[in-house]
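Q: Please read through the structure below; I'll follow up with questions.
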Amino acid sequence: MKALWFFIQEAWSSLQRNLSASLAAVTAMGAVLFLLSLLMLLSHNILLLAGRMSERKGVSVFLDQEITPERRLELEHHFAGFAEVHSVRLITREEALRDMERELEGEGLREALGENPLPDVFLLTPNPQADDVTTLRRLARELEAYDGVEDVLFGERWVEALDQGLAMVYRANAITGILAIVAIMLVLANTLRLIVIMRDEPIAILKMIGATDAFVRSPFVIAGVILCLTGALLSLLLLYAGYRASGQLLPGLVFLPPSSILLFVGGVGLVGVAGSLATVEVSLRQLERRRGRPRR
Amino acid sequence: MIHFDHVCMTYPGQGGRWALDDLSFKIEPGEMVFLLGESGAGKSTVLRMITLEERPTSGTVQVADFGSDSISRAEIPHLRRCCGMVFQDFRLIRDKTIFENLAYCLRMTGTLERQVITRAVSRVLNAVGIYGKRNSFPHELSGGEQQRAAVGRALIHEPPILLADEPTGNLDEQTGFELMLLLEQLHLVGTTIIVATHNVDFASRFATRKLTLREGRLVEDLFLRPHGTEIY
Numbered sequence: 025m026k027a028l029w030f031f032i033q034e035a036w037s038s039l040q041r042n043l044s045a046s047l048a049a050v051t052a053m054g055a056v057l058f059l060l061s062l063l064m065l066l067s068h069n070i071l072l073l074a075g076r077m078s079e080r081k082g083v084s085v086f087l088d089q090e091i092t093p094e095r096r097l098e099l100e101h102h103f104a105g106f107a108e109v110h111s112v113r114l115i116t117r118e119e120a121l122r123d124m125e126r127e128l129e130g131e132g133l134r135e136a137l138g139e140n141p142l143p144d145v146f147l148l149t150p151n152p153q154a155d156d157v158t159t160l161r162r163l164a165r166e167l168e169a170y171d172g173v174e175d176v177l178f179g180e181r182w183v184e185a186l187d188q189g190l191a192m193v194y195r196a197n198a199i200t201g202i203l204a205i206v207a208i209m210l211v212l213a214n215t216l217r218l219i220v221i222m223r224d225e226p227i228a229i230l231k232m233i234g235a236t237d238a239f240v241r242s243p244f245v246i247a248g249v250i251l252c253l254t255g256a257l258l259s260l261l262l263l264y265a266g267y268r269a270s271g272q273l274l275p276g277l278v279f280l281p282p283s284s285i286l287l288f289v290g291g292v293g294l295v296g297v298a299g300s301l302a303t304v305e306v307s308l309r310q311l312e313r314r315r316g317r318p319r320r
Numbered sequence: 178m179i180h181f182d183h184v185c186m187t188y189p190g191q192g193g194r195w196a197l198d199d200l201s202f203k204i205e206p207g208e209m210v211f212l213l214g215e216s217g218a219g220k221s222t223v224l225r226m227i228t229l230e231e232r233p234t235s236g237t238v239q240v241a242d243f244g245s246d247s248i249s250r251a252e253i254p255h256l257r258r259c260c261g262m263v264f265q266d267f268r269l270i271r272d273k274t275i276f277e278n279l280a281y282c283l284r285m286t287g288t289l290e291r292q293v294i295t296r297a298v299s300r301v302l303n304a305v306g307i308y309g310k311r312n313s314f315p316h317e318l319s320g321g322e323q324q325r326a327a328v329g330r331a332l333i334h335e336p337p338i339l340l341a342d343e344p345t346g347n348l349d350e351q352t353g354f355e356l357m358l359l360l361e362q363l364h365l366v367g368t369t370i371i372v373a374t375h376n377v378d379f380a381s382r383f384a385t386r387k388l389t390l391r392e393g394r395l396v397e398d399l400f401l402r403p404h405g406t407e408i409y
């Protein structure tokens with residue numbers, strides 16, 4: 025712990041010595057990460073909305089008018105056993121007609137129709153893991169093949185549209201994430217390389233008096249992580265300020281939950297560690313080559 | 178303690194000219210050896226080879242338990258802590274105080290307790306006579322004081338070997354003499370001292386042994402009495 029504290033102090037000194045470069049790096053990272061966090065915020069809200077819409081996903085299985093109660097019960101048990109099916113609810117033709125009367129507020133509907141034209145219906149709620157359009161389409165085909173089933177509907181178009189929309193959100197997140205990682209790595213590499221070059225002489229002295237590679241490397245790696253985390257916090261502050269400011273404009277907007285914030289900061293921290301390790305290693309090697317001696 | 182065994186070494190880009198040419202000698206514990214010779218004779222290369230900043234093109238260098246042909250990368254820092262180094266240009270870290278320069282050496286070996294560091298650094302700074310300058314930065318000190326700080330840094334791990342590359346090169350005659358007295362005191366308490374220098378007078382006054390190099394070859398190996406009197 026004392027060692028870590030010592031390295032943090034050394035890293036902080038390095039950043040202060042190169043204040044303008046450090047500030048430029050934090051600003052650039054903050055800007056990149058702001059875009060990423062903004063996309064995360066939008067994605068989070070889209071996913072919340074999509075989650076609510078997904079709850080309405082279901083498969084309606086219309087049964088033959090002449091189906092016997094025994095066969096109906098048999099089918100209900102059978103459908104409930106499907107891995108893709110979470111629950112099965114039966115709406116009898118009587119219930120369906122009552123619902124229809126209620127919705128249409130038509131007291132004489134039953135008399136007007138004479139005979140109840142509506143079939144019995146099973147409403148199948150799919151499991152969350154199996155509510156994509158491909159699975160539902162396959163399930164519908166399987167259900168249609170059963171004796172006693174007249175028709176199967178599951179709102180194919182809107183389910184497909186929802187799935188495509190979500191896939192686009194995930195793709196956009198992945199692409200932006202990768203671009204953000206590349207941008208952070210580039211900014212980090214340039215800043216750390218500059219800091220390492222500025223410390224050329226002390227590094228040479230330390231190596232000569234017996235410092236290990238890890239001792240020489242650690243303050244620079246920590247400096248890189250500090251830069252990344254500061255950039256991440258700056259971007260989150262900007263995002264929160266923007267969120268508060270747009271409260272009236274977008275009243276339903278929800279801010280990122282703590283788990284997403286932790287994931288974001290932790291992810292940036294990890295990128296910082298990986299990027300700093302790689303950059304510092306390369307920079308130290310370049311420095312030693314420039315000094316004209318192989319690294320030992 | 179130190180054994181050069183038929184060591185040859187050439188720097189890349191020097192047309193195959195030998196920086197060291199079939200160099201063989203042994204230095205025993207407690208000797209105070211002066212490496213003498215013209216510029217480019219190979220004195221500094223010998224010192225850099227002892228700390229394995231350079232490696233032999235052929236032959237081997239053995240320093241205590243570390244051999245140039247068998248040492249691992251992870252062992253090199255340990256070897257360098259066995260050999261305190263003092264340079265003509267002091268090589269103190271400019272943005273650290275003298276105290277911090279010395280404390281750094283302790284921290285890099287895992288000594289992090291403030292009290293232990295303060296005690297050890299104070300002891301060494303007292304020994305080299307610049308305790309009063311502990312909070313000064315290197316540029317605030319005279320050349321002699323900076324060189325004393327460099328000696329202090331070299332001594333902080335109490336190394337059995339102390340290497341000095343032209344330690345009096347940037348000092349006036351009197352300050353250089355005082356520094357040599359300091360090195361002699363270290364020699365008298367058992368530290369093996371190896372000094373690369375042009376200064377034949379200091380060698381005659383302080384050396385127990387003189388090794389003279391010319392164009393990378395050992396041309397003279399002279400053993401002397403402890404205080405410079407020639408014995409054979």
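Chains as they are written, first to last, in this note's numbering: chain A, 25 to 320; chain B, 178 to 409.
Glycine is no exception: its CB is placed at the ideal position from the N, C-alpha and C atoms.
Could you tell me the distance, in whole angstroms, from the CA atom of Arg76/A to the CA atom of Leu186/A?
A: 11 Å
Q: Tell me which same chain residues have a C-beta within less than 6 Å of the C-beta of Gly54/A, skipping the five on either side of it?
A: Gly255, Leu258 and Ser259
Q: Pick from Arg117/A, Arg223/A, Thr92/A and Leu66/A: whose alpha carbon is nearest that of Gln40/A?
A: Arg223/A
Q: Let's test the definition: count the other Cβ atoms within 10 Å of the Cβ of Val396/B and tell me whether it reaches 16, buried, or not, exposed.
A: exposed
Q: Between Leu348/B and Ile202/A, what straight-line distance do the alpha-carbon atoms span, to the nearest angstrom?
A: 58 Å
Q: Taking a Cβ distance cut-off of 8 Å, strictly less, list which residues of the stretch 225 to 239 of chain B are near chain A, in chain order.
A: Thr228, Leu229, Glu230, Glu231 and Arg232
Q: Expressed to the nearest angstrom, what Euclidean distance is found between the alpha-carbon atoms of Pro282/A and Phe288/A?
A: 10 Å
Q: In chain order, which continuous runs of the beta strand (DSSP E) of length 3 or greater are located wholly inside the stretch 199 to 252 of chain A?
A: Along the length of the stretch 199 to 252 of chain A, whole beta strand (DSSP E) runs at least 3 residues long do not occur.
Q: Determine the extent of the alpha helix (DSSP H) in which Gly299/A is found, giving its start and end residues.
A: Pro282 to Arg314
Q: What residue range is occupied by the uninterrupted beta strand (DSSP E) comprising Ala218/B?
A: From DSSP, Ala218/B is part of no beta strand (DSSP E); its letter is neither H nor E.
Q: Could you please tell me which residues of the stretch 286 to 302 of chain B, in chain order, have their CB closer than 7 Å to any CB of chain A?
A: Of all residues in the stretch 286 to 302 of chain B, those with a C-beta nearer than 7 Å to a C-beta of chain A are Leu289, reading in chain order.
Q: For chain A, is any of its Cβ atoms less than 8 Å away from the one on Cys185/B?
A: no
Q: Residues in the same chain with beta-carbon distance under 7 Å from Lys220/B, minus the five sequence neighbours each way, listed in chain order, please.
A: Leu212, Gly214, Ala373 and Leu390
Q: Along the chain, where does the beta strand (DSSP E) containing Lys26/A start, and where does it finish?
A: No beta strand (DSSP E) holds Lys26/A; the alpha helix (DSSP H) holding it covers Lys26 to Arg41.
Q: Taking the beta strand (DSSP E) that Ser299/B falls in, what are its first and last residues?
A: That residue, Ser299/B, is in no beta strand (DSSP E); its alpha helix (DSSP H) goes Arg291 to Val305.
Q: What are the complete alpha helix (DSSP H) segments, minimum 4 residues, inside the stretch 40 to 78 of chain A?
A: 43 to 78
Q: Give a yes or no on whether the minimum CB-CB distance between Thr406/B and chain A is below 8 Å.
A: The pLDDT assigned to Thr406/B is 47, lower than 50, so where the model puts this residue is not dependable, and the model offers no usable value.
Q: Please report the residue range of the beta strand (DSSP E) in which Ile179/B lies.
A: Ile179 to Thr187
Q: At a Cβ cut of 9 Å, what residues of the stretch 280 to 305 of chain A count as close to chain B, listed as they run along the chain?
A: So nothing in the stretch comes that close.
Q: Roughly how far, in whole angstroms, is the beta-carbon of Leu308/A from the beta-carbon of Val220/A, given that I think they are within contact range, below 8 Å?
A: 7 Å
Q: Run down chain A in chain order and give the residues with a C-beta less than 7 Å from the C-beta of Met262/B.
A: Met232 and Ile233
Q: With a threshold of 8 Å between beta-carbons, can Phe244/A be considered close to chain B, or not?
A: no
Q: Is the CB of Ile221/A under 8 Å away from at least one CB in chain B?
A: no
Q: Just the Cα atoms here: how many angstroms apart are Leu399/B and Arg194/B?
A: 26 Å
Q: Going along chain B in order, which residues have a C-beta closer than 7 Å to the C-beta of Ile6/A?
A: The requested residue 6/A does not occur in the structure, where chain A is confined to residues 25 to 320.
Q: As a quick exercise: from Asp378/B, Leu279/B, Gly261/B and Leu360/B, pick the residue whose alpha carbon is nearest that of Glu335/B.
A: Gly261/B
Q: Tell me, please, whether the CB atom of Pro254/B is closer than 8 Å to any CB atom in chain A?
A: yes
Q: Any chance the stretch 145 to 156 of chain A sits against the stretch 113 to 131 of chain A, with 3 or more Cβ pairs inside 8 Å?
A: The stretch 145 to 156 of chain A vs the stretch 113 to 131 of chain A: in contact.
Q: Could you pull the start and end residues of the beta strand (DSSP E) that Phe354/B belongs to?
A: Counting along the chain, Phe354/B falls outside any beta strand (DSSP E), though it belongs to the alpha helix (DSSP H) covering Glu350 to Leu365.
Q: What does a CB cutoff of less than 8 Å around Val5/A pick up in its chain, not counting 5 residues either side in sequence?
A: The shown model of chain A, from 25 to 320, leaves out residue 5/A, and the question about it has no answer.
Q: Does the stretch 266 to 282 of chain B touch the stretch 308 to 315 of chain B, meaning 3 or more C-beta pairs lie closer than 8 Å?
A: Yes: at least three Cβ pairs fall under 8 Å.
Q: What residue range is occupied by the uninterrupted beta strand (DSSP E) comprising Phe379/B?
A: Counting along the chain, Phe379/B falls outside any beta strand (DSSP E), though it belongs to the alpha helix (DSSP H) covering Val377 to Phe383.
Q: Against chain B, with Cβ distances strictly below 8 Å, would Glu312/A count as a contact?
A: no
Q: By Cβ distance below 7 Å, which residues in the same chain neighbour Leu57/A in space, the five residues on each side in sequence not counted?
A: Ala204, Gly255, Ala256, Ser259 and Val292
Q: So, are the CB atoms of Val184/B and Val238/B less than 8 Å apart?
A: Inclusion of Val184/B and Val238/B in the CB contact set at 8 Å is warranted, their separation being smaller than that value.
Q: Quick check: His329/B and Val293/B, are their CB atoms within less than 8 Å of each other?
A: It is Gly, not His, that sits at residue 329/B in the sequence shown. Cβ atoms of Gly329/B and Val293/B: not closer than 8 Å.
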